[in-house]
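To keep things clear, I will list the structure first and then write my remarks on it.
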Amino acid sequence: MKSNSKTKIFLNIGLLAIFIGVIIYVMDNSLSDIFAQLMKTSWVVVALVILLGVVYQIVEGRSIKEIASYFQKDFTTKDGFFTSCYVAFYRVISFGTGTLLSEIYFYKKKGLAVSQGVGVTALHMIMYKVAVIFLSVLGLIFQFSLFYERAPKMIPFILVGVGLTFVIIFSLLVLSSSLNLQVFLIKWTNKHFKRKRLRDWVDKCNLQIYSLRETVQTITKDRSAMLRIFGWNVAKLLFWYVIPYVVLVENHPNIDFLLVLSFTSFSVILSGVFPTPAGIGPFEFVYLLLFKPLVGTVDAVSSLLLYRFGSFVLPFLIGFVYVLIQKRREIKVGLHAVKEEKKEHFDEQ
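The sequence shown begins at 281 in the numbering used here and counts up by one.
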């Protein structure tokens with residue numbers, strides 16, 4: 281027991297050291313330009329970017345709460361807020377590989393079963409992508425003539441982006457809610473897996489898949505809940521999409537508000553399908569491609585860096601503080617356990 285408590289303490293300290301090392305590396309290599317831009321920007325604009333970024337996380341927290349509270353009544357908007365920031369932190373720390381696992385793990389810590397956590401994560405992703413499609417299609421409809429005039433070759437890419445996002449949504453729904461798919465998997469595994477260990481593992485997986493299907497169907501059958509979740513996801517994206525306008529309007533007072541929102545939504549939808557040069561992120565490439573002709577290279581890059589701060593760096597920093605507090609608490613609990621064990625050992629002697 282004593283060695284177990286000490287192991288947990290050293291493990292938590294080791295993880296903190298790794299986190300800090302990765303953060304220093306990321307700050308130095310990937311985020312230095314963003315912080316340099318912050319130093320050159322007026323405090324009013326920076327304050328507005330921070331405000332919009334925080335409000336986004338609050339609305340995101342509400343959208344997560346609408347899903348997770350189906351299975352854990354005590355799950356609050358505050359929990360949803362920290363879920364989003366916790367995931368943002370691990371997205372950076374793991375360079376994107378631990379994003380989904382960190383979200384599922386957070387739900388597990390809040391009392392949800394693994395299958396429920398997977399279901400909430402899947403629905404969270406689905407509703408986010410539905411909202412992205414909705415705003416992109418609206419932007420294309422209302423800004424079509426202007427967009428056709430400025431960048432007509434981009435329209436087919438936008439339509440492809442919408443189509444591929446639909447495919448992703450459909451695939452997620454099928455994987456998480458199709459009874460026929462589950463039956464097919466059971467038949468296939470029964471035919472090919474004969475060893476007892478593999479059979480036991482397959483049976484456990486089938487139970488998890490069944491629970492996942494029940495989780496997803498529980499929410500998708502409630503139309504009013506789906507509309508609420510969709511509404512919160514649209515609202516949260518609008519707070520992000522407003523950031524470039526807030527940054528650009530200072531030097532470009534005549535810039536069209538709806539056009540900026542539309543260009544930002546197109547950047548999001550296209551970032552997953554547009555081929556980009558090596559070393560440039562897909563979102564950044566598409567964003568600059570759309571905004572440079574509109575406001576010039578310097579202002580386009582500035583607005584991009586500040587948008588990245590509000591949408592990417594800010595939740596990461598909040599998540600880092602949250603993880604730091606949690607790890608500190610775990611280390612204190614571990615130290616207290618070691619002291620109690622030492623005291624008990626001393627009393628016995």
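Backbone N, C-alpha and C define an ideal beta-carbon position, used for all residues, glycine too.
Proximity test, Cβ basis, 8 Å: residue i and chain D
i, result
"L439", "As a matter of chain content, chain D is missing from the structure shown, which is built from one protein chain."
Limits of the unbroken alpha helix (DSSP H) element including residue i
i, result
"I384", "379–389"
"I549", "537–550"
"E564", "562–575"
"V335", "323–348"
"T356", "Careful: T356 lies outside any alpha helix (DSSP H) and carries neither H nor E."
"Q317", "312–320"
Residue i in three-state terms, based on DSSP
i, result
"L392", "coil"
"D502", "coil"
"A431", "coil"
"Y521", "helix"
"E494", "helix"
"P533", "coil"
"A558", "Unreliable positioning characterises A558 in this predicted model, as indicated by a pLDDT of 40, which lies under 50. The coordinate reading is nonetheless provided below. Residue state, collapsed to three classes: coil."
"G376", "coil"
"F351", "coil"
"Q606", "helix"
Nearest candidate by alpha-carbon position, reference residue i, set the options
i, options, result
"S591", "T321, L291, W323, Q337", "Q337"
"T379", "F446, Y385, Y370", "Y370"
"E340", "V601, T357, A316, V440", "T357"
"L550", "A515, K433, G599", "K433"
"E494", "R609, K320, I605, F351", "F351"
"G333", "F596, G443, L392, D354", "F596"
"L570", "F589, I438, K353", "I438"
"C365", "S425, G294, I344", "I344"
"V578", "G301, L311, K320", "K320"
"V372", "I300, T500, Y525, N531", "I300"
"S542", "I435, V335, A393", "I435"
"L528", "F464, L574, Y385", "L574"
"G397", "I611, I384, G391", "I384"
"A411", "R508, E530, H532, V526", "R508"
"A368", "L594, L392, W323, V440", "L594"
"I298", "E530, K353, K607", "K607"
"G391", "L381, K353, T377", "K353"
"A505", "R342, F600, D313", "R342"
"K501", "I347, D536, W323, L311", "I347"
"S322", "S312, V440, N531, I611", "N531"
Rounded C-alpha distance that separates residue i from residue j
i, j, result
"V548", "Y587", "12 Å"
"G517", "L615", "With the sequence shown as reference, residue 517 is identified as Leu, and Gly is not the correct amino acid for it. Spanning the two alpha carbons is a distance of roughly 43 Å."
"F427", "A580", "17 Å"
"V400", "S349", "10 Å"
"L452", "G360", "21 Å"
"Q497", "I449", "15 Å"
"G561", "L584", "12 Å"
"L291", "K389", "18 Å"
"N534", "Q317", "23 Å"
"I421", "T544", "15 Å"
"K572", "A431", "12 Å"
"F375", "I293", "21 Å"
"P557", "F315", "Because P557 sits at a pLDDT of 46, beneath the cut-off of 50, its placement in the model cannot be relied upon, and the point is left open."
"F446", "I598", "32 Å"
"Y602", "F362", "8 Å"
"R609", "F546", "43 Å"
"F424", "V442", "15 Å"
"L539", "Y525", "9 Å"
"A402", "T377", "16 Å"
"F589", "F386", "24 Å"
"F537", "G419", "11 Å"
"S382", "W468", "30 Å"
"R503", "D313", "44 Å"
"F464", "V454", "13 Å"
beta-carbon residue i near the ligand HEM non-hydrogen atom, thresh 7 Å
i, result
"K516", "Looking at this structure, you won't find the ligand HEM or any other ligand, since it has none at all."
| query | Any contact of the region 315–332 with the region 560–567, i.e. 3+ C-beta pairs under 8 Å? | reply | no
| task | Specify whether the region 403–415 and the region 504–522 touch according to this definition: at least 3 beta carbon pairs, one from each stretch, less than 8 Å apart. | result | Judged by Cβ distances under 8 Å, the region 403–415 makes contact with the region 504–522, as three or more pairs qualify.
| Touching or not, the region 506–513 and the region 404–411, by the rule of three or more beta carbon pairs under 8 Å? | yes
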